[in-house]
Each structure stands twice: as structure tokens, then as C-alpha cells.
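Just below is one structure, and these are the notes that go with it.
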Amino acid sequence: MTTLTLSRALGEGLRKAMENDPKVLIMGEDVGKLGGVFRVTDGLQKDFGEARVVDTPLAESGIVGTAIGLALRGYRPVCEIQFDGFVYPAFDQIVSQLAHMRLRSLGTVSLPVVIRIPFGGGIGAVEHHSESPEALFAHTPGLRVVACGDPADAYVMIQQAISSDDPVIFFEPKRRYWDKTDVDTAGGLASATPLHKARTLVSGTDVTVLAYGPMVRTCAEAAVAATADGRSLEVIDLRSLAPLDTETIVASVRRTGRCVVVHEAVSSGGLGAEIAARVTEECFYQLEAPVLRVCGYSTPYPPSRIEEHYLPDLDRVLDGVDRTFAY
Amino acid sequence: MAVNAQGAVGAVPDPLGLAGRAGSAVPIQLLTPEGERVEHPDYPLEVSAGELQALYRDLVLVRRIDFEAIALQRQGELGIWASLLGQEAAQVGSARALSPRDMAFPTYREHGVAWCRGLDPAKLLELFRGVSHGGWDPKAHGLHLYTIVIGCQALHATGYAMGIQRDGAVGEDGEAAIAYFGDGATSQGDVNEAFIWASVTNAPVVFFCQNNQWAISEPLERQSRVPLYQRAYGFGFPGIRVDGNDVLACLAVTRQAMQAAREGQGPTLIEAFTYRMGAHTTTDDPTRYRLAAELESWKLKDPVERVKAYLIRSQLAEKAFFEAIDAEANELGTRLRRSCLEMPDPEPLAIFENVYAGPNALIDAEREQFAAYLDSFVSQEIAR
């Protein structure tokens with residue numbers, strides 16, 4: 006066990022993947038000499054060389070488009086998009102090319118490309134640096150979409166994503182980059198939770214709280230605070246947003262009868278809406294209250310001096326929990 | 002930067018010495034529209050009678066594939082077809098310059114390239130009939146799938162070429178990629194990004210632009226103020242304009258550019274100056290935006306006829322040869338037609354195939370639901 010920040014844990018996971026498979030490449034803006042603006046790839050270019058850790062020209066469509074070409078040649082590129090709000094120039098390459106190639110080729114072509122995207126707010130950034138665009142990708146068949154929540158899991162998940170033969174959009178909670186936990190860098194992936202499975206972080210009996218990425222810690226803290234009110238929260242880290250681990254979600258909600266979905270992304274048309282529909286369909290007779298969402302508002306992300314009002318926090322999570330008990 | 006129409010570059014910094022290699026606005030030509038063989042000092046080409054006959058055969062057969070596909074669309078057997086009429090030489094000439102190990106990245110109009118890469122033309126019909134979205138194994142043919150979104154494949158080709166570099170497959174006996182696109186695509190960000198990537202990485206890729214003068218209804222003037230081949234110089238690699246209706250010139254120029262790429266000399270942009278003699282696709286009506294006289298003038302530069310004229314003029318082929326090619330074309334047309342008419346629709350449950358590498362709970366559940374729904378009709382039939 007080593008204590009690592011989430012940023013470092015991702016870096017170590019990338020290093021492990023590169024050691025295990027010479028076809029794994031890293032490409033993106035400033036990922037080489039600088040080690041990425043969040044230092045996730047720090048030291049990798051020095052150790053693996055410029056051919057495997059590529060400082061690319063500054064164009065996101067180019068990063069993803071050339072990654073597709075490299076994957077066609079048998080490589081496993083891991084692209085870094087510097088910030089969430091910068092992914093849109095690559096949108097066509099991701100949703101129309103990357104996601105469709107397996108179907109288009111009748112299964113003859115696999116594109117094992119990972120696209121890492123630091124996402125979410127809370128760091129006092131300027132516009133386009135605090136967004137949560139995960140639903141756009143989760144809405145695209147052919148892509149797998151995941152979000153890591155803590156260093157230990159990030160270390161495992163990035164390796165799992167790289168070994169996936171499907172393209173994976175890998176969201177990293179940028180305000181949690183400096184969170185630390187113990188990480189088992191000696192353990193293999195065999196015993197790890199599979200990439201498509203959720204994990205129950207806190208077991209509880211009264212209400213199921215679903216979160217991913219930066220909201221995992223917020224909800225875990227809310228669970229502790231809720232005990233003061235005598236409420237037992239079950240907190241599930243979804244990990245995979247596409248596909249959703251409906252099995253784990255449904256099993257929990259059938260026990261608790263209540264469900265709150267928490268994400269930073271705009272509530273309307275978001276993952277919460279999808280989960281509410283699934284849970285309603287599968288748990289209709291067990292639900293004591295409608296599935297509620299605690300999310301970002303249906304507005305563009307606000308300027309940073311008021312972002313704390315936009316972002317779900319511990320109190321808003323507890324307020325959501327309270328509201329499910331009002332039914 | 003001062004660039005005149007002749008392609009002369011003015012007094013600008015030129016660290017790569019590209020100005021010396023600057024192409025000319027006069028396209029490279031080795032066979033005139035009248036079928037007269039001309040020499041070009043930079044592109045010496047020796048072709049045997051057999052090779053010429055083979056090129057002629059390609060041109061005729063490819064045109065026949067196109068003709069048959071248009072007819073099939075008109076008869077309701079294809080949803081749409083993108084005709085290559087007029088661009089046969091650009092495609093056959095360039096594609097015959099490729100080695101089996103090279104990888105071509107086509108748009109949706111590269112039927113001539115597909116033919117030269119050994120793809121059964123019936124596979125092309127699958128896409129335009131709506132039976133699949135493409136559906137061949139790119140590796141098996143050295144031909145990537147047709148790409149419909151304009152310009153995307155230029156980046157795929159460049160990335161693939163970066164893979165060639167990483168595999169150490171540059172140099173003697175090297176490999177290269179070729180990206181096909183049209184004049185309209187040169188306005189796309191992806192094509193420009195591909196130029197940048199290829200340039201700074203010195204990737205073994207050739208950009209083969211068929212400038213057919215029209216992007217659906219928009220003339221070249223809507224895409225560029227400078228001749229397209231000159232774009233390359235701004236990115237730091239050579240650009241060459243070739244007569245796109247001259248199969249020999251396209252062969253010679255592409256061969257040289259591909260060899261340079263394979264040997265590690267980096268990318269080249271080839272502008273094949275040609276003309277889309279037909280509509281953009283079978284849904285298009287070019288009489289709304291261009292004059293018939295323009296088409297008539299290009300008919301005089303027909304890419305197939307000039308090879309025929311040369312073969313006859315130089316006594317490189319007899320009447321029997323042309324008759325045999327025509328017969329083969331007819332056979333191909335008949336076979337293609339039959340393949341199309343006999344082509345089965347996929348099973349409805351094929352919707353759920355090839356979305357992900359492995360099982361996916363959501364897709365599996367939806368497949369099961371849909372199968373049960375379909376079965377419900379069968380049981381109703383039985384009940385009646």
C-alpha cells in the first residue's frame with residue numbers, strides 16, 4: 006500500500022499499463038515534458054520516450070482522429086483532453102467515428118482508445134474549465150463512459166479502461182486530484198471490481214444515494230452527517246455511467262425504497278434522469294418516494310465566485326434525502 | 002505571403018527549401034486529352050503495353066460499376082449512389098501506385114480505389130443499399146472503410162501513418178498511408194489538422210485531393226482563394242497539381258509521393274485536377290447550379306477515352322482487346338446487378354450486433370425484449 010493523490014494514482018496506473026503493453030501510448034497537449042496541467046502524466050515521457058508519450062499539436066479533433074488511426078494500426082492510445090470544455094472540437098471524431106467503427110466494420114475493427122477528461126467544477130476556474138459533459142457521451146452507443154472517485158479506484162480503473170477493447174471516455178474529478186488514499190499498487194486487476202460494476206461505498210438501509218466522480222466523496226460525507234439525524238444512507242459509487250450497473254442500483258433501491266441521484270452535471274437530460282427512469286421501471290412497487298435528483302441547475306456553469314451555489318454539496322445532498330422522506 | 006496563380010512563392014522565409022520544389026499550376030500531364038504521350042522531366046514513367054491495357058481495363062470496369070449502380074438506384078434497389086464519373090483516372094492511377102501493404106483511407110466516392118484494392122464491388126452496394134454501414138475488413142484489403150463525414154479520414158490516415166513510424170516500417174521497404182478527400186474537404190478542420198500533424202511528425206502519408214471542382218453545389222471559389230496544391234506549402238510540405246483525368250500522371254505522381262513517404266521524407270499533397278461529370282449523388286440535380294457547357298468541355302478531357310485513343314494510336318491494343326474488355330464490363334455489370342438483387346436484408350436482431358466488444362447488459366436486455374416482441378407476432382399468426 007502506498008498513499009497517493011488521485012493525480013499520482015492515475016499516473017501510476019498509466020505507467021503500469023505502459024509497462025505491461027508496449028502498444029499503449031499517451032497523447033495530448035502538454036502531457037510530455039510538462040506532465041500534463043494536472044501532472045497526471047508526470048515523468049512518463051522521460052521514462053517511455055517521445056514516441057510513446059506524445060505532445061500533440063493543439064487541436065482536440067486531431068488528437069482523437071489520429072488516435073483512431075493509431076488504434077487502426079494496433080496501438081492503444083490514451084488521449085488527454087486538457088479540460089472538459091475543450092472536448093467539443095473532438096466531438097465528431099468521438100461520437101461519429103470512434104463510437105461507430107465496430108458496427109461500421111461488422112465487428113472487424115476494434116478501437117481501444119481511452120479519452121481522459123478532467124471534469125467538474127469547484128476549482129475557481131474560468132469558463133469552460135468546470136463542466137460535466139458525461140451525459141453527451143453516455144448517450145452515444147458504442148462508447149463506454151466511466152468516472153473515477155478516489156485514488157485507489159482511479160489506479161485500477163485507468164488500467165481497466167486501457168485494457169478494454171471498446172473506446173472508453175474516462176472522466177476524472179479534477180477537484181479531487183489532490184485527495185489522497187492508500188493505493189494497492191502491488192495488486193493485480195484480477196480481483197478488482199470490474200469496470201462496468203458499481204461499488205457500494207457506504208452500506209445503509211433508509212435511502213440509496215447514487216454518485217460518481219467528485220460527488221462520491223461529498224455523498225460519503227453526507228452519509229456520516231446523516232447519522233446525526235438518525236438516517237442510514239447507502240452510498241453507491243456508480244463508476245460506470247455507460248453501461249450503468251442497473252443490477253446493483255436496483256438491488257439497493259429495492260431494499261431502501263428511496264433513491265437520490267447526485268451529479269454536478271445539469272439535471273435536465275442527465276444521468277439522473279436515465280437512472281430515475283430505470284429505477285422506476287424496475288422498483289415501482291418498492292419505491293416509497295419518487296427518485297429525486299440533486300444536480301447542477303439547468304443553466305450554463307456559473308462564474309466561479311458563485312459556483313458553490315451551483316454545485317451540489319453536503320447540505321444539498323441531505324436536503325434531497327429529506328425531501329424523499331416527505332412523501 | 003505572396004503567392005501568384007502560377008504557384009511561385011514570393012520572398013518569404015523558406016527554411017525547408019520548399020519553394021524550389023514548388024509545384025506548378027499547370028498540372029503534371031503524361032497523356033494529353035487527345036491520347037498523346039508526353040514526357041515530364043520529374044516524372045519519367047515507363048509503362049508496358051500490358052500495364053496500359055490493365056489500366057484501361059480498370060478504368061472501363063470502374064466506370065461500368067458506377068453506371069450499374071446508378072441504374073440500380075434509379076430502379077429503387079439502392080438508396081443512394083455517389084458517382085465517380087469523370088474521376089476514374091484519378092482513382093485508378095493513384096490506387097495502382099499503392100503497394101499491398103499501404104493503407105488507403107477513402108471517402109464514400111472512391112469506388113475506383115476500392116476496385117484496385119481488390120474489394121468486391123458488391124460490398125460497396127451493401128452500404129448504398131442500406132444493408133450495412135460498410136462492412137469489410139480494412140486490413141484484408143489495405144482499404145479503410147468509407148468515411149461519410151467529410152475529412153475525418155485524413156486524421157485517421159495520419160494517425161495510422163504515425164503507427165507505421167512507431168512500428169519502424171519507414172525506410173527501405175517501408176509502408177505509407179494515403180488519404181483521399183475532395184476539394185470541399187480542404188475547408189474542414191480535420192483536414193487542416195491532419196496537414197499539421199503529418200507535417201510536424203513527418204508522417205508517411207500522402208494526401209490525395211480529387212479537386213472535382215464542385216462540393217455539391219459550391220464551386221471551388223467557395224473553398225479557396227489559392228490553388229489547393231499550394232495549401233501544402235503553408236503547412237511545410239510539398240504540393241503537386243496533377244491532371245486528374247490522366248491515369249498515367251496520377252500513377253507517376255502518386256508513386257513518387259508514396260515512395261517518398263515510405264522512405265521517411267514525409268507527406269505530400271497531391272491535387273488531382275479533375276471534374277465530377279455526374280451529380281454529387283443520385284439525389285442531386287446539378288442543372289440547378291452549373292452550366293451544361295462546362296460539362297461538355299470536360300467531356301473532351303475524358304479519362305477513359307484518352308487511354309483508348311493512345312492504345313489505338315500507338316497500336317498497343319487490337320480491336321479484340323477492346324471487345325474483350327467491353328464483354329468483361331458487361332459481365333461485371335450483370336454480376337453486380339445480380340448480387341444486388343439477391344442481397345439479403347440483415348435479420349432485425351442484427352441491430353444489436355457489433356456495438357461493443359463483449360456482452361452489454363442494456364443491449365442484451367433490449368435485444369431480448371425486441372425478440373420477444375417479434376415472436377409475439379409469430380404466436381399470433383399461429384393462434385389464427
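Just so you know, the sequences run in chain order A and B.
Residue numbers for the first sequence follow the numbering used here, beginning at 6 and rising by one.
Residue numbers for the second sequence follow the numbering used here, beginning at 2 and rising by one.
Quick reminder that beta carbons are idealized off the backbone N, C-alpha and C, glycines included.
A quick note: this is a predicted structure, and the numbers were derived from the prediction, not measured.
Original post:
Nearest CA to the CA of D35 of chain A: which residue from A:I68, A:K28, A:P27 and A:L108?
Top reply: If you number the first sequence from 1, residue 35 of chain A lands on position 30. Of A:I68, A:K28, A:P27 and A:L108, the residue nearest in Cα terms is A:I68.
**OP:** Apply the 10 Å Cβ neighbour rule to D242 of chain A and answer buried if 16 or more other Cβ atoms are within range, or exposed otherwise.
**Re:** Residue mapping note: residue 242 of chain A aligns to position 237 of the first sequence, counting from 1. Burial call: buried.
Original post:
Whose Cβ in chain A lies nearer than 8 Å to the Cβ of Y161 of chain B?
Top reply: Residue numbering aside, residue 161 of chain B sits at position 160 when the second sequence is read from its first letter. Within chain A, the residues near Y161 of chain B are G74, L75, L77 and R78.
Subject >> L77 of chain A beta carbon less than 8 Å from that of A281 of chain B >> reply: For this step, residue 281 of chain B is matched to residue 280 along the second sequence. For this step, residue 77 of chain A is matched to residue 72 along the first sequence. According to the sequence as given, residue 281 of chain B is His; it is not Ala. Contact flag unset, no.
Subject >> Contacts that G112 of chain A makes with chain B (C-beta to C-beta distance below 8 Å) >> reply: Taking the first sequence and counting its residues from 1, the one referred to as residue 112 of chain A is at position 107. Simply E354 and N355.
**OP:** Label V39 of chain B either buried or exposed according to how many other C-beta atoms from any shown protein chain fall within 10 Å of its C-beta, with 16 as the threshold for buried.
**Re:** As a position in the second sequence, residue 39 of chain B is number 38, starting the count at 1. Exposed, by the Cβ-count rule.
Subject >> M32 of chain A, enclosing beta strand (DSSP E) - first and last residue >> reply: If you number the first sequence from 1, residue 32 of chain A lands on position 27. Looking at the DSSP string, the run of the beta strand (DSSP E) that includes M32 of chain A is V29 to G33.
**OP:** Starting from the Cα of A281 of chain A, find the closest Cα among A:V266, A:P27, A:K38 and A:V229 and give me that residue.
**Re:** Counting from one through the first sequence, the residue named residue 281 of chain A turns up at place 276. It is A:V266.
Original post:
A157 of chain A to L99 of chain B, Cα distance in whole Å?
Top reply: To locate residue 157 of chain A, count along the first sequence from 1; it is residue 152. To locate residue 99 of chain B, count along the second sequence from 1; it is residue 98. Approximately 49 Å between the Cα atoms of the pair.
Original post:
Going by the CB atoms, is the gap between C264 of chain A and V296 of chain A shorter than 8 Å?
Top reply: Position 291 of the first sequence, counted from the start, is the residue given in the question as residue 296 of chain A. Position 259 of the first sequence, counted from the start, is the residue given in the question as residue 264 of chain A. Closer than 8 Å, so yes.
Original post:
Would you call the region 122-138 of chain A and the region 222-236 of chain A touching, i.e. three or more CB-CB distances under 8 Å?
Top reply: no
Original post:
Who are the neighbours of P248 of chain A on chain B, taking C-beta pairs under 9 Å?
Top reply: Taking the first sequence and counting its residues from 1, the one referred to as residue 248 of chain A is at position 243. Neighbours of P248 of chain A on chain B, chain order: Y357, N361, A362, L363 and I364.
Original post:
Can you round the beta-carbon distance between V63 of chain B and H112 of chain B to whole angstroms, since I take them to be within the 8 Å contact cut?
Top reply: The sequence position of residue 63 of chain B within the second sequence is 62, counting from 1. The sequence position of residue 112 of chain B within the second sequence is 111, counting from 1. Right, the Cβ-Cβ distance comes to about 6 Å (below 8 Å), so this counts as a contact.
Original post:
Under 8 Å between C-beta atoms, does T145 of chain A make it to chain B?
Top reply: Here residue 145 of chain A refers to the residue found at position 140 when the first sequence is read from its first residue. No, because no Cβ of chain B sits closer than 8 Å to the Cβ of T145 of chain A.
Original post:
Going straight from the alpha carbon of L206 of chain A to that of S237 of chain A, what length do you get?
Top reply: For this step, residue 206 of chain A is matched to residue 201 along the first sequence. For this step, residue 237 of chain A is matched to residue 232 along the first sequence. Rounded to whole angstroms, L206 of chain A to S237 of chain A spans 13 Å at the Cα level.
**OP:** Report the residues of the region 91-117 of chain A with a CB closer than 8 Å to any CB of chain B, ordered along the chain.
**Re:** P94, D97, Q98, S101, Q102, H105, M106, R107, L108, R109, S110, L111, G112, T113, V114 and S115
**OP:** Mind reading off the beta-carbon distance from M23 of chain A to D189 of chain A? Whole number of angstroms is fine, and I expect it under 8 Å.
**Re:** Here residue 23 of chain A refers to the residue found at position 18 when the first sequence is read from its first residue. Here residue 189 of chain A refers to the residue found at position 184 when the first sequence is read from its first residue. Rounded, the Cβ-Cβ distance is 19 Å, inconsistent with contact.
Original post:
Looking at chain B, which residues of the region 167-182 of chain A have a Cβ within less than 7 Å of any of its Cβ atoms?
Top reply: D170 and D171
**OP:** Report yes or no: is there a C-beta of chain A within less than 8 Å of the C-beta of A158 of chain B?
**Re:** As a working mapping, residue 158 of chain B is identified with position 157 in the second sequence. Chain A contact via Cβ: present.
**OP:** Mark I383 of chain B as exposed unless 16 or more other C-beta atoms lie within 10 angstroms of its C-beta, in which case mark it buried.
**Re:** Taking the second sequence and counting its residues from 1, one reaches residue 383 of chain B at position 382. The residue in question, I383 of chain B, is exposed, as its Cβ has fewer than 16 Cβ neighbours within 10 Å.
Original post:
Which same chain residues, not among the five before or five after W82 of chain B, have their C-beta less than 6 Å away from its C-beta?
Top reply: Counted from its first residue, the second sequence places residue 82 of chain B at position 81. The answer, listed in chain order, is A70, I71, Q74, F129 and T283.
Original post:
If you draw a straight line from the C-alpha of G94 of chain B to the C-alpha of G51 of chain B, how long is it?
Top reply: Your numbering for residue 94 of chain B matches position 93 in the second sequence. Your numbering for residue 51 of chain B matches position 50 in the second sequence. Roughly 15 Å separates the two Cα atoms.
Original post:
Which ranges does the alpha helix (DSSP H) cover as unbroken runs of at least 4 residues, wholly within the region 119-201 of chain A, from first to last along the chain?
Top reply: 139-143 and 156-168
Subject >> Inter-residue CB distance, P248 of chain A and L350 of chain B (contact presumed, cutoff 8 Å) >> reply: The residue given as residue 248 of chain A occupies position 243 in the first sequence. The residue given as residue 350 of chain B occupies position 349 in the second sequence. Contact doesn't hold; Cβ gap of about 19 Å is too wide.
Subject >> Three-state secondary structure assigned by DSSP to I151 of chain B >> reply: For the purposes of this step, residue 151 of chain B is taken as the residue at position 150 of the second sequence. In the structure shown, I151 of chain B sits in coil (DSSP, three-state: anything other than H, G, I, E or B).
Subject >> Three-state secondary structure (DSSP) of V42 of chain A >> reply: Counting from one through the first sequence, the residue named residue 42 of chain A turns up at place 37. Reduced to three states, the DSSP call for V42 of chain A is coil.
Original post:
Of the residues that make up the region 46-69 of chain A, which ones have a beta carbon closer than 7 Å to any beta carbon in chain B?
Top reply: A56, P62, A64, S66 and G67
Original post:
Along the chain, which unbroken stretches of the beta strand (DSSP E) at least 3 residues long are found entirely within the region 43-124 of chain A?
Top reply: 58-60, 81-85 and 119-124
**OP:** For G11 of chain B, decide whether its Cβ has a neighbour in chain A, counting only Cβ atoms nearer than 8 Å.
**Re:** As a position in the second sequence, residue 11 of chain B is number 10, starting the count at 1. In this predicted model, G11 of chain B has a pLDDT of only 45, less than 50, meaning its place in the structure is not dependable enough to derive any value.
Subject >> T71 of chain A: contacting residues in chain B (beta-carbon distance under 7 Å) >> reply: Along the first sequence, one-based indexing puts residue 71 of chain A at 66. Within chain B, the residues near T71 of chain A are L156, T159, G160, M163 and W198.
**OP:** Answer with yes or no whether the minimum CB distance from T251 of chain A to chain B is below 8 Å.
**Re:** Counting from 1 along the first sequence, the entry for residue 251 of chain A is found at position 246. Judged by the 8 Å Cβ criterion, T251 of chain A is in contact with chain B.
**OP:** Please name the residue in A:E293, A:Y302 and A:Y315 whose C-alpha comes closest to that of R328 of chain A.
**Re:** Here residue 328 of chain A is taken as the residue at index 323 of the first sequence, counted from 1. Of A:E293, A:Y302 and A:Y315, the residue nearest in Cα terms is A:E293.
Original post:
What does a CB cutoff of less than 6 Å around Q7 of chain B pick up in its chain, not counting 5 residues either side in sequence?
Top reply: By 1-based counting over the second sequence, the position of residue 7 of chain B is 6. Bear in mind that a pLDDT of 38 at Q7 of chain B, under 50, signals an unreliable position, so the number given afterwards is only what the model happens to contain. The residues are A26.
Original post:
So, helix, strand or coil for F208 of chain B, using DSSP?
Top reply: Against the second sequence, residue 208 of chain B aligns to sequence position 207. Of the three classes helix, strand and coil, the one that applies to F208 of chain B here is strand, per DSSP.
Original post:
Between which two residues does the beta strand (DSSP E) harbouring I271 of chain B extend?
Top reply: To locate residue 271 of chain B, count along the second sequence from 1; it is residue 270. Per DSSP, I271 of chain B belongs to the beta strand (DSSP E) from T269 to F274.
**OP:** Go ahead and pull the three-state DSSP assignment for G18 of chain A.
**Re:** Counting from 1 along the first sequence, the entry for residue 18 of chain A is found at position 13. Correct three-state label for G18 of chain A: helix.
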